[in-house]
Amino acid sequence: MNTHPTDDLAAFSIGALDASDQAGVDTHLALCEVCRAEVASFAEVAWGIAELAPLVAPGPTLREQVLDRVRPRTARVASTASRPPLLDGLRRIFDLRVPLAVPLALALLLAISLGGLGSARADADAYARAVAGVADGTVVTLAATAGTEARGSLVVPATGDPYLILRLPAPPAGKTWEAWVLRGEQPLAAGISGDRWGVVTLVLSQPVRPGDGVAVTLEDAGGVAAPRGTIVLQART
Amino acid sequence: MGRTPVVPVAESADEQLLERIAAGDAGALGEIYDAYGRIVFAIVYRMLASPEAAEEVAQDVFHAVWRRAGAYRRERGAVRTWLLAIARNAAIDWRRTRGKRVEREVELDAATAMRADSSVVDSVLLSLRAERVRDAVRTLPPEQRDVLALAFWGGLTQAEIALRTATPLGTVKSRVRLGMEKLRLHLAEES
Numbered sequence: 394m395n396t397h398p399t400d401d402l403a404a405f406s407i408g409a410l411d412a413s414d415q416a417g418v419d420t421h422l423a424l425c426e427v428c429r430a431e432v433a434s435f436a437e438v439a440w441g442i443a444e445l446a447p448l449v450a451p452g453p454t455l456r457e458q459v460l461d462r463v464r465p466r467t468a469r470v471a472s473t474a475s476r477p478p479l480l481d482g483l484r485r486i487f488d489l490r491v492p493l494a495v496p497l498a499l500a501l502l503l504a505i506s507l508g509g510l511g512s513a514r515a516d517a518d519a520y521a522r523a524v525a526g527v528a529d530g531t532v533v534t535l536a537a538t539a540g541t542e543a544r545g546s547l548v549v550p551a552t553g554d555p556y557l558i559l560r561l562p563a564p565p566a567g568k569t570w571e572a573w574v575l576r577g578e579q580p581l582a583a584g585i586s587g588d589r590w591g592v593v594t595l596v597l598s599q600p601v602r603p604g605d606g607v608a609v610t611l612e613d614a615g616g617v618a619a620p621r622g623t624i625v626l627q628a629r630t
Numbered sequence: 004m005g006r007t008p009v010v011p012v013a014e015s016a017d018e019q020l021l022e023r024i025a026a027g028d029a030g031a032l033g034e035i036y037d038a039y040g041r042i043v044f045a046i047v048y049r050m051l052a053s054p055e056a057a058e059e060v061a062q063d064v065f066h067a068v069w070r071r072a073g074a075y076r077r078e079r080g081a082v083r084t085w086l087l088a089i090a091r092n093a094a095i096d097w098r099r100t101r102g103k104r105v106e107r108e109v110e111l112d113a114a115t116a117m118r119a120d121s122s123v124v125d126s127v128l129l130s131l132r133a134e135r136v137r138d139a140v141r142t143l144p145p146e147q148r149d150v151l152a153l154a155f156w157g158g159l160t161q162a163e164i165a166l167r168t169a170t171p172l173g174t175v176k177s178r179v180r181l182g183m184e185k186l187r188l189h190l191a192e193e194s
């Protein structure tokens, strides 16, 4: 089951695999230091290629726009309040990235349909393919809490570590998805989603025994020792 | 056994910046923007060929850095390659969801031609490393160079490249792998 995906590592490092193959290699990398080193060396080649991009300067306001998106709301209000009204009005116009003739409600619908549905559908397809592609072992579908977009399946292979195949929305700022194995009443931290969202695989750092539960919660970035956040997925084996 | 991994100073500094960002330090985000903002913009501009789209995507990239800094794992690679993956994925996602695929010929090394354009600044900052990569790219057979360009700048998967170029998928996979291996070998020999 754990043969090295050697032929796919170069393509993985430049994102040239399709979603299900990418997820498969990602799962392997969580377990294989040798392949991680190989991917890291190809990633350096990729960085070299990236440096061939012509040095085109971004607009002078990009830095401020980047920081403006992450500043606390109060800081942004204070910043806006100190700006001359005319400048503020111009800024709003330039920040609005839809034609001015489009009514706001329609623009919102456009933004939702253009920005969300395509990737959501692709994620759903990739998730279904990843679950369907499980070669051996037991697959347990995790129940999703009402209102969440998250989906997940626990895979307990015949050999090797158990893992989750997850379809996760991007966590809010400063948060991450964290997996737990529930042994009786005791929750055991079993891994965080890392820098990944969308369709991801997460190898559990805890064994899953018959009768154990598995859950995924939203926690502070970096993970926590005991679950405090909202449960979005759960199942009992 | 038991050796402490040596992390270059620049990489260590980048990792410290991510730790600060994960702790909610917007100033650290400004610092990482200062270090990588221009190259991130250049990458997405190269992929999207639109300054407006590139600015929008670059904003998304650094917002993703803000949200996901705590999830960075050193064992998966350097901060800059993590950032590169975020930038390329954001550009690919933008192109796929907005339906504005840029259908134009792409070359793996278009830097020389585009640097003469009046919109290009700071050409004097071309690094020795970029020259070495450019030399390495020139050693690749054209068919390997082309598939890498379609994958890297075009954002296409191997299957999409096979379909577009009417080439067997196995051949495309071989070209991607061999091209990347040759670049890596060439760069290792150079250094």
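Keeping their order, the protein sequence lines are chains D and G. Our numbering puts the first residue of the first sequence at 394, with every later residue one more than the last. Our numbering puts the first residue of the second sequence at 4, with every later residue one more than the last. Glycine included, each C-beta is placed from N, C-alpha and C at the ideal position.
At what residues does the alpha helix (DSSP H) containing G/Tyr-48 begin and finish? 29-51
Buried or exposed: G/Gly-73, going by 16 or more other Cβ atoms within 10 Å of its Cβ? buried
Rounded to whole angstroms, what is the Cα-Cα separation between D/Ile-558 and G/Val-140? 38 Å
Starting from D/Ala-436, find everything on chain G with Cβ-Cβ shorter than 7 Å and list it in chain order. Gly-80 and Thr-84
Would you kindly report the start and end of the unbroken beta strand (DSSP E) that includes D/Gly-417? Here D/Gly-417 belongs to no beta strand (DSSP E); instead the alpha helix (DSSP H) covers 412-424.
Would you check whether the ligand FAD has a heavy atom nearer than 7 Å to the C-beta of G/Ala-133? No copy of the ligand FAD occurs in the structure displayed, which carries no ligand at all.
Beta-carbon neighbours of D/Ile-624, restricted to chain A and to distances below 8 Å: Protein chains D and G are contained in the structure displayed, whereas chain A is not.
Going by beta carbon distance, what residues of the same chain come within less than 8 Å of G/Ala-154, once the five residues before and after it are set aside? Thr-160, Gln-161, Ile-164 and Val-179
Checking contacts by CB at 8 Å: is D/Thr-420 closer than that to chain G? no
Would you report the Cα separation of G/Ala-219 and D/Arg-544, rounded to the nearest angstrom? Because chain G spans 4 through 194 in this model, residue 219 of chain G falls outside it and cannot be assessed.
Short of 9 Å Cβ to Cβ, which residues in the segment 554-569 of chain D face chain G? Ala-563, Pro-564, Pro-565, Ala-566, Gly-567, Lys-568 and Thr-569
Please list, in chain order, the chain G residues whose beta carbon lies closer than 7 Å to that of D/Gln-458. Gln-62
Can a CB atom of chain G be found closer than 8 Å to the CB of D/Ala-573? Position check: residue 573 of chain D holds Trp in this sequence, whereas Ala was assumed. No, D/Trp-573 lies away from the interface with chain G (no Cβ there is under 8 Å from its Cβ).
Could you confirm whether any beta carbon from chain G is found closer than 8 Å to the beta carbon of D/Arg-429? yes
Closer than 7 Å at the beta carbon, the chain D residues around G/Thr-160: Ala-409, Leu-410 and Asp-411
Less than 8 Å between the C-beta atoms of G/Val-136 and G/Ala-94, yes or no? no
Grouping DSSP H, G and I as helix and E and B as strand, with all else coil, what is D/Gln-458? helix
List the whole-angstrom C-beta distance separating G/Val-82 from G/Tyr-75, where the pair is believed to meet the contact cut-off of C-beta under 8 Å. 7 Å
Within its chain, find whatever has a CB closer than 6 Å to the CB of D/Val-527; leave out the 5 residues flanking it on each side and keep chain order. Val-548
In chain order, what residues of the same chain lie with their CB nearer than 8 Å to the CB of D/Glu-612, ignoring the 5 residues before and after it? Lys-568, Thr-569, Trp-570, Glu-571, Ile-585, Pro-620, Arg-621 and Gly-622
Counting only beta-carbon separations shorter than 8 Å, does G/Arg-91 have a partner in chain D? yes
Just to confirm my understanding: we take G/Leu-32, look at its own chain, exclude 5 residues before and 5 after, and list those with CB closer than 6 Å. What are they? Ile-24 and Trp-69
Enumerate in chain order the residues of its own chain whose CB-to-CB distance from G/Gly-30 is below 8 Å, with the five nearest sequence positions on each side excluded. Arg-23
At a CB-CB cut-off below 8 Å, which residues of chain G make contact with D/Ala-521? Result: empty, since nearest Cβ-Cβ is about 17 Å, beyond 8 Å.
Using only the alpha-carbon positions, how far apart do G/Asp-138 and G/Thr-168 sit? 26 Å
For a contact defined as C-beta to C-beta under 7 Å, what are the partners of D/Gly-615 on chain G? Ala-25 and Gly-73
Considering only the beta carbon of each residue, do G/Val-43 and G/Ala-90 sit closer than 8 Å? yes
Count the C-beta pairs between the segment 399-409 of chain D and the segment 433-440 of chain D that are closer than 8 Å, then say yes if the count reaches three, no if not. yes
Alpha carbon to alpha carbon, how far is D/Arg-589 from G/Met-183? Give it in angstroms, no decimals. 24 Å
In angstroms with no decimal places, state the Cα-to-Cα distance between G/Thr-170 and D/Thr-541. 42 Å
Can you tell me where the alpha helix (DSSP H) with D/Ser-546 in it begins and where it stops? Not the alpha helix (DSSP H): D/Ser-546 falls in the beta strand (DSSP E), residues 544-549.
Taking 8 Å as the CB-CB cut-off, is G/Arg-178 touching chain D? no
Any chain G beta carbon closer than 8 Å to D/Arg-464: yes
Identify which residue in D/Thr-630, D/Arg-464, D/Gly-587 and D/Ala-416 has its Cα closest to the Cα of D/Gly-615. D/Gly-587
Pull up the distance between the alpha-carbon of G/Gln-62 and that of D/Asp-605, whole angstroms please. 42 Å
Inspect the beta-carbon positions of D/Tyr-556 and D/Leu-581 and report whether they are closer than 8 Å. no
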